[in-house]
Amino acid sequence: LVDMLISIQPTSSESLYFHYPNVELTRLQAKAMKKKHIYREAEDELQVLREVLEEVSDKIDGIVSGVISSKFQKNTLEKICREFGLIHIAPLWNREPLQLVREIIESGFEIMITGVAAMGMSKEWLGKILQPSDLDLLKELNKKFGINPCGEGGEIETLVLDAPIFYEKLEVEEYEIKWFGDYGYLLVSKAKLRGKP
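In this text, residue positions in the sequence shown follow the working numbering: the first is 4, and each later residue adds one.
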């Protein structure tokens, strides 16, 4: 049972550990899931993670992360968890990327692309809601440029707007696209929750 969400907003888009664009929207995602939420901004993300885990380690048994294939990230999270007598669960670990994206879409997740940083991915991807029809293109980009369809190497950043565990759906009302020649972000400036049928 997941009791709470912990979100750490890195001060740099170059973070090796944490998602960068739109992390502040995890506040709305936590509300959509009816979960407690701890949110911190950090220059030293791992130190802040340690501080948060120290605060909550007597209330939890472990942490669940979305790490898929980065041994570096997985090993770091496991090491930090051990420091507090916690376990690290990575349910997506070593899943085949394209199949994983397919399963996530088919299970009812609505995912918006909010960052691209890879050859073959243009500004037009920003704001796109992933559809099953995009899987062939992601497969082609993987073959041609080595892009991980899950974005595990930072090629793609996403924002979950809806999921089976959401009681409400995120609705993006205003955003700005920042494009830097061959990579860019969609930065949400206004969003809200709305009821689901």
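Note that the Cβ used here is the ideal one computed from N, Cα and C, for glycine as well.
Quick check on DSSP: helix, strand or coil for A35?
DSSP places A35 in helix when its eight states are reduced to three.
Which ranges does the alpha helix (DSSP H) cover as unbroken runs of at least 4 residues, wholly within the stretch 66 to 138, from first to last along the chain?
The stretch 66 to 138 contains these whole alpha helix (DSSP H) runs: 74 to 86, 100 to 109.
What is the DSSP secondary structure of V5, reduced to helix, strand or coil?
It is coil, neither helix nor strand.
If we ignore side chains and look at the alpha-carbon of each, how far apart do S192 and T79 end up?
Using only the alpha carbons, I get a separation of about 32 Å.
Closer than 8 Å is the cut-off here; do at least three beta carbon pairs connect the stretch 131 to 150 with the stretch 104 to 111?
Segments in contact, yes.
Given a cut-off of 9 Å, decide if A194 and E171 are closer than it, judged by their beta-carbon atoms.
No, they are not a contact pair.
Check each candidate in T29, R43, E44 and name the one with the smallest Cα separation from K37.
K37 has its Cα closest to that of T29, out of T29, R43, E44.
Let me check understanding here. Comparing Cα to Cα, which of G198, E27, V5 lies closest to D64?
Residue V5 is the option with its Cα nearest to D64.
If the criterion is Cβ atoms closer than 9 Å, does the pair A121 and Y188 meet it?
Not a contact, by the Cβ cut-off of 9 Å.
Using CA atoms only, rank isn't needed, just tell me which of L190, E48, H40, E143 is closest to T117.
Checked all of L190, E48, H40, E143; the closest Cα to T117 is L190.
Relative to the C-alpha of T161, which candidate in V55, L196, W128 has its C-alpha closest?
Selected option, being the one with the closest Cα: W128.
Just to confirm the assignment, what range does the alpha helix (DSSP H) spanning E48 have?
First-last of the alpha helix (DSSP H) with E48: 48 to 59.
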